[in-house]
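Step one of this worksheet: look at the structure below.
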Amino acid sequence: MAKYITFGEVMLRLTPPGHEVLFQTPNLVATFGGAEANVAVSLANYGEDVAFVTAAPKNPVGDAMLRELRGFGVCTRHVRRSGDRLGIYYTETGAAMRPSKVVYDRAHSAIAEVKPGDFDWDIIFDGAKWFHTTGITPAIAEGTARVALEAMKRAKEKGLTVSCDLNYRKKLWKWGKPPKEVMSEMAQYIDVMIANEEDCQKCLGIELDVDVTAGELDTSKYEGLAQKVMGAFGNVKYLAVSLRESVSADWNNWSVVLASRDAFHVSRKYEIRDIVDRIGGGDSFGSGLIWGLNNLEGLQNAVEFAAAASALKHTVYGDYNRVAPEDVMTLMGGDGSGRVQR
């Protein structure tokens, strides 16, 4: 039985090679990815028992996606085989002042058609201790929002810890209810919340006066944000925020903060140059935090592991973070030289 459960959409990812723009070349590299699937793969890569819950069509694309997840050690036995298509997203990797871009083609995907009662959460959560989802899933459709809330409520009833990355996506919130209404209800069941200042503003209506485009970020302001969030939602035990200072598309400074009810922790800052792929960086932060909170002594070690795991993900192509926990520990220990390890 899986100890960690994640729920959301996984998509076919199509990317031109290198730093080419979309359709500059007739060739696109096909892989898979999605926020909650990315977290599941990372946790499996760290040696944890994890299951991913989604809906996928009974066709060769759905079959290939499931084979890939199983190849990473992720349990897929709770995946619902339904619908006609897997969502697709196109991405091009930016360079210098040209940002990376994402184009979604996920309308009417298999998971967009799910409804409450389609998944037996009592069976899925049997023996589990942690449930993770994101704000992307309820943005897809009314049905996915209702199922995500259903899962969170049942997880809390069964004593699981619930984590959620609010992950506001403007392009997805099209089905009717505003994100603040939906996510504020879901937030009542979250123990570990992952969010940045935009997520808190758009999803919870909580403001932070900070300009993320202005250069170096003032970490002290995020302590105030945490106090506001925890004041509004008494169930939230931890608020984690990733701080990305974007110098260019392939040069970012990266750090994270973690607030509890009585402490505020700031990670080491990583200067990441020559970024290979930043997509999935936030998911690797989330999975690193989950693993750190469950396996390391002290909140500072947990936040340092999460920051290092995410920094390393920026060096790996594709959505999934393929680094081992010992690689993360090495970087945590201060070795970022990139020298060959023999």
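All residue numbers for the sequence shown refer to our numbering, where the first residue is 33 and numbers rise by one. Yeah, the Cβ is synthetic: ideal placement off N, Cα and C, and Gly gets one too.
Taking just the CA atoms, how far does residue j sit from residue i?
i	j	result
Leu198	Gly105	26 Å
Gly266	Ala62	43 Å
Leu118	Asp294	43 Å
Ala96	Gly50	24 Å
Ala227	Cys235	10 Å
Asp282	Lys190	43 Å
Ile156	Thr57	43 Å
Return the first residue and the last residue of the alpha helix (DSSP H) that residue i is part of.
i	result
Ile172	Ile168 to Ile172
Ala272	From DSSP, Ala272 is part of no alpha helix (DSSP H) but of the beta strand (DSSP E) over Tyr270 to Ser280.
Glu213	Pro211 to Met218
Starting from the Cα of residue i, find the closest Cα among the options and give me that residue.
i	options	result
Ala34	Leu75, Ser342 and Val360	Leu75
Arg276	Arg45, Gln332, His346 and Asp294	His346
Ser114	Pro131, Lys90, Glu100 and Gly126	Lys90
Glu229	Leu249, Tyr221, Val214 and Ile222	Leu249
Met184	Arg201, Lys161 and Trp205	Lys161
Asp152	Leu98, Thr123, Ser216 and Thr86	Thr86
Arg300	Lys202, Thr251, Asn326 and Gly159	Thr251
Gly79	Leu331, Gly324, Gly149 and Leu363	Gly324
Tyr302	Glu336, Arg354 and Pro357	Glu336
Mark residue i as exposed unless 16 or more other C-beta atoms lie within 10 angstroms of its C-beta, in which case mark it buried.
i	result
Ala88	buried
Pro131	exposed
Ile311	buried
Gln373	Low per-residue confidence applies at Gln373: pLDDT is 48, beneath 50, and the placement is therefore not dependable, though the value from the model is reported in the following sentence. Classification of Gln373: exposed, given that the 10 Å Cβ count is below 16.
Ala128	exposed
Pro211	buried
Asn70	buried
Val53	exposed
Arg45	buried
Asp306	exposed
Taking residue i as part of the beta strand (DSSP E), name the residues at either end of that continuous run.
i	result
Val289	Trp283 to Ala291
Lys133	Lys133 to Asp137
Could you tell me which residues DSSP puts in a beta bridge with residue i?
i	result
Cys107	Ala83
Cys196	Thr165 and Met225
Leu44	Phe64 and Ile120
Thr38	Phe84 and His164
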